[in-house]
Amino acid sequence: MESIMHPLGHTEFSWSSGFNGEWTPSSHTLFSWGVDKFKHVYTHLISEMDSKHFDLYICGNHDFMDGERTVTNWVCPWQPTSTAAIHALASFVPLVPGNLLVDAGCGDGRVLIETALAIGCYGIGIDISLECITCANTIADREGLSIRFVCGDFDECPDEATEAKCMYMYLVPAALKRARKLAEKLSRNGVAIVTYEYHYSDWSISKRDVLNDLVMYELL
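Under this note's numbering, the first residue of the sequence shown carries the number 1352, and numbering increases by one thereafter.
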C-alpha cells in the first residue's frame, strides 16, 4: 500500500524528471538562500558544491575527485527547501532559542543555518552527499554556529538527535520511506516530526500548514 502523499505540485525536482542526457543543475539552488550574504559571500562555494554533487550523483563522473568514490545508497536528488518554508518552519513547530533541530537529508544545510542565525537554535544535519556536508560545515564554521553536519545514512544519525525539539525532512518518497525507522524512533522520544511536500499518508497528522506544505505528525 502506498504510504506517501505526493506534493501539491509547486516544486519540480530539476534532477529527477525529464532525463534527456543533458541534465544541468538548477540555478535556484544558490539563490533560494534567504540570507542575502549567502548569495554573495558563499556564491563560489555553493556553486562548486552544486557542480560536484551533480557530476557524482547524477552523472557518475569522478574526474574531479582525487581517486574514485562510488555511492551505493543515494536515492534522493538535492532540491533545497524554499525560503518561505524555512521561515515558516520556526513558527510552525514552534522553535525557540536553544532548541535542537534535526534535518534528515540536509543538503547544503540551509534550513539549519538560516534557522540558527534567525532564532539561535542548535542543529544536527545528516546527508549522504559528502559534497553537501562539506559545504554545510564550511558555512556553519565560518558563521560560528553550533551545528553538527554528518555525512551518512539515516541509521547513522547521532544519538543526541533524541533530544531534539523537531526533526525536519524534505525527501522524495523512496528516501522518506527509508527514514521512517529514524522518524518513529525520535517520535517515541517526544521529537516532533515535520515533513515538507512529501508526507506520510499512514501516520496521523497533528497539524498542517497548507500554504507552505508542512505537516507535523502525532507523537508515537
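From the three backbone atoms N, C-alpha and C, an ideal C-beta is built for every residue, glycine too.
From the options, pick the residue whose C-alpha is nearest to that of residue i; which is it?
i	options	result
Ser1480	Lys1558, Asp1564, Leu1527 and Phe1500	Phe1500
Ala1344	Gln1430, Glu1494, Glu1535 and Ser1433	Here the chain has residues from 1352 to 1571 only, and residue 1344 is not among them.
Thr1546	Ser1398, Gly1456 and Gly1495	Gly1456
Ser1442	Glu1482, Ile1464 and Ile1470	Ile1470
Tyr1551	Cys1486, Ser1497 and Leu1565	Leu1565
Trp1554	Leu1452, Leu1562 and Lys1528	Lys1528
Ile1498	Cys1486, Asp1504 and Phe1505	Cys1486
Arg1539	Thr1434, Leu1571 and Leu1496	Leu1571
Gly1495	Val1447, Asp1401, Pro1524 and Leu1468	Leu1468
Gly1541	Leu1562, Val1444 and Ile1464	Val1444
Thr1434	Cys1502, Thr1466 and Ile1544	Thr1466
Ala1525	Ile1437, Trp1425 and Leu1440	Trp1425
Just checking my contact of residue i with residue j at CB under 8 Å: how many whole Å lie between their CB atoms?
i	j	result
Glu1548	Ser1557	Going by Cβ atoms, the distance from Glu1548 to Ser1557 rounds to 18 Å, so no, they are not a contact pair.
Cys1427	Asn1450	About 25 Å separates the two Cβ atoms, so there is no contact after all.
Trp1429	Cys1483	6 Å
Leu1533	Asp1510	11 Å between Cβ atoms; not a contact.
Met1567	Ala1543	6 Å
Does DSSP put residue i in a helix, a strand or coil?
i	result
Leu1570	coil
Val1501	strand
Val1444	coil
Leu1527	helix
Leu1522	coil
Asp1478	strand
Ser1555	coil
Leu1452	strand
Leu1565	strand
Asp1459	coil
Ala1436	helix
Ser1367	Caution applies to Ser1367, whose pLDDT of 33 falls short of 50 and renders its modelled position unreliable; the value that the coordinates give is listed next. Note: Ser1367 maps to coil in three-state DSSP.
Val1392	coil
Val1426	coil
Where do the N-terminal and C-terminal ends of the beta strand (DSSP E) with residue i fall, by residue?
i	result
Ala1543	Ala1543 to Tyr1547
What are the start and end residues of the alpha helix (DSSP H) that includes residue i?
i	result
Cys1483	Leu1481 to Glu1494
Lys1532	Arg1531 to Arg1539
Compute the minimum distance between the beta carbon of residue i and the heavy atoms of the ligand MG, and state whether it is under 8 Å.
i	result
Thr1394	With respect to the ligand MG, the structure shown offers nothing to examine, as it has no ligands at all.
Checklist entry - So does the region 1471-1488 actually touch the region 1456-1463, counting three or more Cβ pairs closer than 8 Å? => result yes
Item to check | Cβ contact (3+ pairs, closer than 8 Å) linking the region 1517-1530 and the region 1482-1498 | outcome: no
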